[in-house]
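Participant: Here it is, the structure in full.
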Amino acid sequence: MSRIIAIANQKGGVGKTTTAINLSACLAEAGKKVLTIDLDPQGNMTSGLGVEKEEVENTVYELMLDECSIKDSMTDTVVDGLKIIPSNVDLAGAEIELLGIPDKENILRNAVDYIREDYDFIIIDCPPSLNMLTINAMTTADSVLVPIQCEYYALEGLSQLIHTIDLVQQRLNSNLVIDGVVFTMYDVRTNLSNQVVDNVRSNLDAKIYNTLIPRNIRLAEAPSHGLPINLYDSKSAGTESYRSLAKEVMERGES
Numbered sequence: 001m002s003r004i005i006a007i008a009n010q011k012g013g014v015g016k017t018t019t020a021i022n023l024s025a026c027l028a029e030a031g032k033k034v035l036t037i038d039l040d041p042q043g044n045m046t047s048g049l050g051v052e053k054e055e056v057e058n059t060v061y062e063l064m065l066d067e068c069s070i071k072d073s074m075t076d077t078v079v080d081g082l083k084i085i086p087s088n089v090d091l092a093g094a095e096i097e098l099l100g101i102p103d104k105e106n107i108l109r110n111a112v113d114y115i116r117e118d119y120d121f122i123i124i125d126c127p128p129s130l131n132m133l134t135i136n137a138m139t140t141a142d143s144v145l146v147p148i149q150c151e152y153y154a155l156e157g158l159s160q161l162i163h164t165i166d167l168v169q170q171r172l173n174s175n176l177v178i179d180g181v182v183f184t185m186y187d188v189r190t191n192l193s194n195q196v197v198d199n200v201r202s203n204l205d206a207k208i209y210n211t212l213i214p215r216n217i218r219l220a221e222a223p224s225h226g227l228p229i230n231l232y233d234s235k236s237a238g239t240e241s242y243r244s245l246a247k248e249v250m251e252r253g254e255s
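Taken in order, the sequence shown gives residues 1 to 255; the numbers are from the working numbering.
Here you go:
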């Protein structure tokens, strides 16, 4: 049974794209067939998986404007068993171009339906805003995984994200659930990180992953080499944490 997970948080800098890249790569490493969809016009997931975003012929932009088929929009990544529908700055104009299109909230879902059963996991990296691209991701997804940075304002904006998820549930995708929260940039040496984790646990009525993603220099370096962390440094603390997260994600699907 295929699972589609949108990785979303409208706050930037919380490790959203890092989580999308490395969770996808570790799922593929575990033998799963994975498709990633880069819905962020910055295209950081695309370049982080070794794809030259300015050189690809078709991207998610062409797909959403019905200028290519979903299979024509896919390209290989540096990871065996992992394909991507890439993105680049062209996608920034999609919001305006989609305005007059009927049923625009379901464009991505209608396209993904054709290939859904070809993959074990489809991971969607959302833009850091609650716009029409994020809505498309949520109408397509089965669940939303929310990365939260271990910092003072961690809960800020989270209620807005949960409200958006609730609206999508009510109006567009009744099956959508919050997959869970994953803490990123965790620093075991600081009281603040531990306080944030405790605060979110006590305030949030959602599943929280046991895996904590640490602050890790190797994780920060990997994207500049166009590699996920498990290919860049297979023994780093960042690799171990994302392998652990992938294991939890797979186990949740089996329960």
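Glycine included, each C-beta is placed from N, C-alpha and C at the ideal position. Remember, it's a predicted structure, so these values are computed and weren't measured experimentally.
Below 8 Å CB to CB, which residues in the same chain sit around N88 once its five sequence neighbours on both sides are set aside?
Facilitator: Correct list, in chain order: P41, G43, T46, K53, E54, V56, T59 and Y61.
Participant: Within its chain, find whatever has a CB closer than 8 Å to the CB of K33; leave out the 5 residues flanking it on each side and keep chain order.
Facilitator: Within the same chain, K33 has close Cβ partners G81, D118, Y119, D120 and F121.
Participant: Who pairs with Q42 in a beta bridge, going by DSSP?
Facilitator: Bridge partners of Q42: none, in fact.
Participant: Does DSSP classify G100 as helix, strand or coil?
Facilitator: Looking at G100 - three-state DSSP - the assignment turns out to be coil, as it is neither helix nor strand.
Participant: When the Cα of D90 is compared with those of F183, R252, C150 and M64, which residue comes out closest?
Facilitator: Of F183, R252, C150 and M64, the residue nearest in Cα terms is M64.
Participant: Taking the alpha carbon of M1 as the point to measure from, which residue in S24, L49, D142 and D76 has its own alpha carbon closest?
Facilitator: Per the Cα distances, D142.
Participant: Take I208 as the anchor and find which of N110, G180 and Q195 has the nearest alpha-carbon.
Facilitator: The candidate whose alpha carbon is nearest that of I208 is G180.
Participant: Pick out whichever of E67, S224, K235 and L219 has its Cα sitting closest to the Cα of N22.
Facilitator: Selected option, being the one with the closest Cα: L219.
Participant: Could you check if N173 is buried or exposed, using at least 16 other CB atoms within 10 Å of its CB as the buried criterion?
Facilitator: Per the 10 Å Cβ criterion, buried.
Participant: Cutting at 8 Å between CB atoms, please list the residues of its own chain near G12, excluding the five before and the five after it.
Facilitator: Once the five neighbours on either side are set aside, the close Cβ partners of G12 are P128.
Participant: On the criterion of 16 or more Cβ atoms from any shown chain inside 10 Å, does N203 qualify as buried, or is it exposed?
Facilitator: So N203 counts as exposed.
Participant: Roughly how many whole angstroms lie between the Cα atoms of T19 and P102?
Facilitator: Taking the straight line joining both Cα atoms gives about 33 Å.
Participant: Please name the residue or residues paired with P86 in a DSSP beta bridge.
Facilitator: Per DSSP, none; premise fails for P86.
Participant: Please identify the residue among D166, I213, S234 and S73 whose C-alpha is closest to the C-alpha of L108.
Facilitator: The candidate whose alpha carbon is nearest that of L108 is S73.
Participant: Determine the closest residue to V188 out of K247, N199, E251 and N216, with distance taken between C-alpha atoms.
Facilitator: The candidate whose alpha carbon is nearest that of V188 is N216.
Participant: DSSP on I165, reduced to helix/strand/coil?
Facilitator: Three-state result, I165: helix.
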